[in-house]
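Step one of this worksheet: look at the structure below.
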Amino acid sequence: MHNYLIILGAAAVVSFVNPSSFVLAGVSKPAFAPRKSSSSSSLGGKQKNQVLTDDVAPVNASFAPPPLAQAAEVDDVVDAPLMNDIQMLSDILAEVVKKDNPRVHELYTQLRQHGIERASDPDNVEAFEQMKKLAYDLTPFDALGVMRTFSIALNLVNAAEVHHRLRVMRQNELSSEMKSHVGPLPITGDSVRGTIDVILDGEEAVSKDEIFNKLIHQKVEIVLTAHPTEVNRKSLLRKYRKITEIIGLLDRPELHPYERTVAITDLRRLVATLWSSDEIRRQKPTPQNEALGGIAVIESVLWEAVPAYLRKLDAQCYASLGRRVPLDVVPIKFASWIGGDRDGNPNVTPEVTVEVVTQQRLRAARLFLHDINELYNDFAISRGFSDELNELADTIKNSKDHREKYRRIIGHLRKRLTKTVKHCEIQLHALSDSQTYGTTTIGTRIDSASDQTHPIFEREELLSPLMVIHRSLVEAGLEILSDGK
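For the sequence shown, position 178 (counting from the first letter as 1) is numbered 179 according to the working numbering, and the numbering increases by one without interruption.
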């Protein structure tokens with residue numbers, strides 16, 4: 002069975018490196034659906050655009066290209082950067098593997114070459130037979146090395162394509178015929194922007210207010226799940242995300258040669274680390290381990306991506322519908338059954354659920370604490386206070402921020418979040434051994450006669466002071482600050 006999987010892996014990798022066709026175990030089929038070729042300007046480089054504008058006219062969403070995975074063939078112009086990125090990552094991986102295990106590198110190279118020949122000519126039976134023969138003769142040790150090479154190669158292709166899809170959408174929107182329609186969200190048929198444009202251009206008369214009211218009442222709940230065979234190691238998730246970010250950095254046309262060298266060196270370092278890492282958990286993950294994997298998705302991706310999307314959604318609603326999304330609208334929520342499922346899993350006990358929830362609360366407090374620290378640093382403001390804010394600030398004693406009342410309130414929230422972190426760490430220390438969860442402030446004394454700060458237990462305890470700050474900024478004519486991150 003493992004030999005058969007190697008053939009599948011070899012064919013899959015080749016389909017991206019030479020993607021004129023997709024070859025899977027000797028069966029050739031189109032991997033993509035047709036896409037219009039583009040002859041627009043070169044790729045790369047970030048351009049700043051005004052997002053909150055009144056002149057963003059609706060545009061037919063069909064102008065936007067579909068995802069790369071739906072293209073019938075690779076566009077020699079549009080997809081050339083992706084092919085270059087894949088080739089660069091493939092060369093780096095081959096270099097790492099060859100240095101560590103020349104035999105595995107040779108086997109990988111042969112299987113990949115046979116796959117390329119098979120992909121370019123689906124009727125090439127000889128190439129496929131050579132692939133099968135090589136796979137059949139592999140020792141278990143060599144098979145493991147070859148499969149790991151193909152596995153990492155596929156993940157590197159995915160990392161490159163993540164950035165390329167953003168690159169293509171950006172290039173398409175900045176092309177000459179669509180530049181006047183550039184907005185916060187992409188012009189694709191499956192996006193909110195595309196849907197709004199289609200409805201407004203439709204035959205049925207639908208007002209902007211009707212669309213807006215429907216939109217703000219939409220609710221999406223993302224439920225994080227886990228299975229012992231499906232949970233990726235969070236350290237590997239972060240590395241692949243970092244690779245995507247570096248590929249984006251290399252797109253910058255003004256990048257200094259030394260900066261480019263440093264970025265490519267970082268790529269080599271990351272790929273070498275991936276090759277040296279164990280992708281397989283040697284012990285069955287506990288519900289606590291699974292929960293940590295779910296939290297890693299929030300920490301590494303969703304914590305930044307979801308607010309960024311909501312800011313774009315707000316800007317798009319203003320541009321397309323003339324209205325801003327209300328602050329109390331929460332279109333996206335998160336939930337998780339990891340560590341709390343009661344479907345007969347004997348490892349999930351009430352004690353485990355308490356531990357998992359406490360760990361989630363700890364991570365949430367740390368994430369909020371990081372953002373509150375940034376907010377404190379930004380708000381060194383000594384004027385523009387509403388009566389409501391003055392009243393709230395006067396209730397906070399023993400603060401060094403006497404004149405900067407925004408900082409006084411934010412600093413108090415920072416103290417409470419710090420106390421929340423310490424409170425959770427003490428609870429976890431009592432619930433679990435030191436190998437399950439690391440603690441950083443467990444030895445800090447949190448109860449003293451001079452410190453009457455309490456942890457945050459309810460959502461409103463954090464949200465209410467922030468809303469007071471927001472209303473005060475608006476009242477003082479500082480809306481530009483209230484609309485910040």
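We treat Cβ as the ideally placed atom computed from N, Cα and C, and that holds for glycine.
Just mark residue i as buried or exposed, buried being the case when its beta carbon has 16 or more other beta carbons within 10 Å.
| i | result |
| --- | --- |
| Y259 | exposed |
| R283 | exposed |
| A481 | Reading off the sequence shown, one finds Ile at residue 481, where the question assumed Ala. When all chains shown are included, I481 counts as exposed. |
| G195 | buried |
| T245 | buried |
| K100 | exposed |
| T396 | exposed |
| R343 | exposed |
| S91 | buried |
| V82 | Per the sequence shown, residue 82 should be read as Pro rather than Val. Per the 10 Å Cβ criterion, buried. |
| A136 | buried |
| A381 | exposed |
| F386 | buried |
| R409 | buried |
| S337 | buried |
| A292 | buried |
| H455 | exposed |
| N378 | exposed |
| H164 | buried |
| G146 | buried |
| T189 | buried |
| L94 | buried |
| L328 | exposed |
| N214 | exposed |
| Q453 | exposed |
Output needed for residue i: all residues of its chain with C-beta closer than 8 Å, excluding positions within five of it in sequence on either side, in chain order.
| i | result |
| --- | --- |
| N391 | K406 |
| S321 | V57, P59, G184, R194, I197, D198, L201 and K209 |
| V307 | I333 |
| L467 | L414 |
| L311 | V326, P332 and I333 |
Quick check on residue i: does DSSP put it in helix, strand or coil?
| i | result |
| --- | --- |
| F458 | coil |
| A336 | strand |
| E204 | coil |
| E426 | helix |
| I223 | strand |
| N125 | coil |
| H257 | coil |
| S383 | coil |
| Q453 | coil |
| K209 | helix |
| P286 | coil |
| T246 | The question names Thr, but residue 246 is Glu in the sequence shown. If DSSP states are grouped into helix, strand and coil, E246 belongs with the helices. |
| R343 | coil |
| L53 | Since pLDDT at L53 reaches only 39, below the 50 mark, its modelled position is unreliable, and no value is offered. |
| R325 | coil |
| T350 | coil |
| D76 | coil |
| R269 | helix |
| T189 | coil |
| A366 | helix |
| H218 | coil |
| L474 | helix |
| L376 | helix |
| V199 | helix |
| G184 | coil |
Counting only C-beta atoms, is residue i closer than 9 Å to chain B at any point?
| i | result |
| --- | --- |
| H165 | In the displayed structure, chain B is absent; only one protein chain is listed. |
Keeping to the same chain, check which residues put their C-beta closer than 6 Å to that of residue i; ignore five residues upstream and five downstream.
| i | result |
| --- | --- |
| S383 | R404 and E405 |
| M170 | P187 |
| S483 | H471, L474 and V475 |
I need the boundaries of the alpha helix (DSSP H) containing residue i, first residue and last residue.
| i | result |
| --- | --- |
| E280 | Counting along the chain, E280 falls outside any alpha helix (DSSP H), and DSSP gives it neither H nor E. |
| V98 | A81 to D101 |
| N156 | P141 to E174 |
| D388 | D388 to D395 |
| Q317 | W304 to L322 |
| R404 | Premise fails: R404 is in no alpha helix (DSSP H) and is neither H nor E. |
| E480 | E480 to S483 |
Given a cut-off of 9 Å, decide if residue j and residue i are closer than it, judged by their beta-carbon atoms.
| i | j | result |
| --- | --- | --- |
| L112 | F142 | no |
| V158 | I87 | yes |
| V224 | Q289 | no |
| L432 | V355 | yes |
| L256 | A264 | yes |
| S277 | L237 | no |
| T350 | Q428 | no |
| L418 | F369 | yes |
| T508 | A366 | This structure cannot speak to residue 508, because the chain is shown only from 2 to 486. |
Kindly list the residues whose CB is nearer than 7 Å to the CB of residue i, restricted to its own chain and excluding five residues on each side of it in sequence; keep chain order.
| i | result |
| --- | --- |
| A161 | L83, D86, I87, L90 and I248 |
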